[in-house]
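Remarks on the structure that follows.
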Amino acid sequence: MKTTTLTPDLLHRLDAYWRAANYLAVGQIYLYDNPLLKRPLALTDVKHMLLGHWGTTPGQNFIYAHLNRVITKYDLDMIYVSGPGHGGPAVVGNTYLEGTYSEIYPNISQDEAGLRKLFLQFSFPGGIPSHASPECPGSIHEGGELGYSLSHSFGAVFDNPDLIVACVVGDGESETGPLATAWHSNKFLDPVTDGAVLPILHLNGYKISNPTVPARVTHEELEQLLRGYGWTPIFVEGHEPALMHEAMATALDTAVEAIKRIQTDARKTGSAMRPRWPMIVLNSPKGWTGPKVVDGQQVEGTFRAHQVPLSISATTPPEHLRQLEDWLKSYRPQELFDDAGRLKPELASLAPKGRRRMGANPHANGGILLRDLRMPDFRDYAANVPVPGAPGIGDTHVLGPFLRDVAKLNDRQRNFRVFGPDETLSNGLEALFQTTQRQWDAATVPNDEFLAPTGRVMEMLSEHQCEGWLEG
Ligand SMILES: Cc1ncc(C[n+]2csc(CCOP(=O)(O)OP(=O)(O)O)c2C)c(N)n1
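Using the numbering used here, the first residue of the sequence shown is number 6, and each one after it goes up by one.
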């Protein structure tokens, strides 16, 4: 008998949850009023100035819904990083569906009035930005400057052994220098003392008005590239929702179980072998489920879906308004929200509970987990400088012992690291190596110095990477 990951009931509800998130996204981009379409859509229901990014959003909604499922199934401590952070409607909509948004912003309530405000505030004067901005619950990565999602994700899991960051990488984003170098982060992760990152390369094929490079090389080349970076890619490819739900669920189960296996093995045996971590490649249409053809031109699955796929104003063709209405109705909102505008309970129950919700995870809500560093008294490190320009006192040679002792004092609470592009020694900070090592999970050979699976110094010859790790 063929086994499937999803029961028919779960598949049906997951799909409905995804439709709800897509409905909220279109509402945020377009609607000024009439959030539940209780009357025919009029021009006055649509915002005057349409801003936002639809193209990436349905794929991110799909991912978010599926992550919710594995969080609950495996009781995961997981946060979400949106590389293409211009998909703000996805993170805002999903944190609204899971309830976090209304807890933090009670004004955006779980009812029709709240829905109206949720839609109106998006990319609107006095409202919220169109990206995964800091005020969005669960966001540690704004995504405006593409390229840092993976470095930020690794930075977030260093010293957080229970945390998994699900990191959506745009296929356009993956062309940037910072992202290209960030795949190598897996050589700097200690499976014993750090958490894990699950990259999800969102291969939706296009950037703003161009195809992406990863979408226009052969499957074999892309797979070899990712394998060459040390990952095990799992491909989820297609556009038929039911098949894609099943494929994504199976891929995520496989990935999560692989992560758990790697961590359990490493933590039991202390093995220093570098693991091959799993990742997912999600190949789905850009602007999935959106308008297929507008003014005779293909939109779904093309670059034309990147931002606002249907222009609507007093001067645009009137059929655009009808197309928007049909598009919104294609999600069958009456099956998703009750008359009062509240998500139906059988769908709401799919979201994880409490702090397991990605929007409510303390790791992604700045400040909750901050711990002050234990600091030595800087006066104890004072150098006597009898005259200005006195020779023989290099300032970094004075700083080195100070940093060494900061590292030592905070060793147990594990909240201090030094990041640099291979310059700790050349910059005179060698005293650090009296107390710690350079964290390095790749191979070592005799005559290497100060390399170990765990250490407080992170060195890779990429300032992009160092900065991204540090910020994460
Ligand atoms: C470093 C950087 N360069 C350029 C841009 C402008 N920009 C915004 S979105 C985008 C295309 C992104 O494509 P992709 O990462 O594939 O995201 P998606 O297709 O999912 O929207 C570009 C070039 C940017 N935000 N950051």
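C-beta atoms are modelled at their ideal positions from N, C-alpha and C, and glycine is treated no differently. Here the structure is a predicted model, which is why all the values come from computation and not from measurement.
The beta-carbon separation of Gln33 and Gly98, rounded to 7 Å, stays under the 8 Å limit for a contact. Note on Gln439: under 16 other CB atoms within 10 angstroms of its CB, so exposed under the neighbour-count rule. With contacts defined by Cβ atoms closer than 8 Å, His58 and Ser135 form a contacting pair. Distances from the alpha-carbon of Pro338 to those of Thr9, Thr12, Leu456 and Val31 put Val31 closest.
The stretch 378 to 444 is shown to contain whole alpha helix (DSSP H) runs of 4 or more residues at 400 to 414, in chain order. Note on the stretch 20 to 103: whole alpha helix (DSSP H) runs with a minimum of 4 residues are 62 to 79 and 93 to 102, in chain order. Look at Leu414: its beta carbon is at least 7 Å from all of the heavy atoms in ligand 1. For Phe159, the enclosing alpha helix (DSSP H) covers residues Ser154 to Val162. Asp410 and Pro381 have their C-alpha atoms spaced approximately 7 Å apart. Nearest to Trp293 by C-alpha distance, out of Tyr85, His207 and Asn366, is His207. Secondary structure at Phe124: helix, using DSSP grouped into helix, strand and coil. Taking a contact to require three or more Cβ pairs closer than 8 Å, the stretch 137 to 145 and the stretch 369 to 377 qualify as touching. Below 8 Å, too few C-beta pairs join the stretch 296 to 310 and the stretch 256 to 272 to call them touching: fewer than three.
If you look at His146, you'll find it isn't in any beta strand (DSSP E); DSSP assigns it neither H nor E. Tyr85 has its CB no nearer than 7 Å to any heavy atom of ligand 1. With contacts defined by Cβ atoms closer than 8 Å, Leu41 and Glu117 form a contacting pair. Taking 8 Å as the cut-off, the beta carbon of Pro183 is found closer than this to the beta carbon of Gly152.
Taking every protein chain shown into account, the CB of Gln115 has 16 or more other CB atoms within 10 angstroms, so this residue is buried.
Between Gly364 and Glu103, the gap from beta carbon to beta carbon is short of 8 Å. Taking the CA atoms as reference points, Glu472 sits about 12 Å from Ala161.
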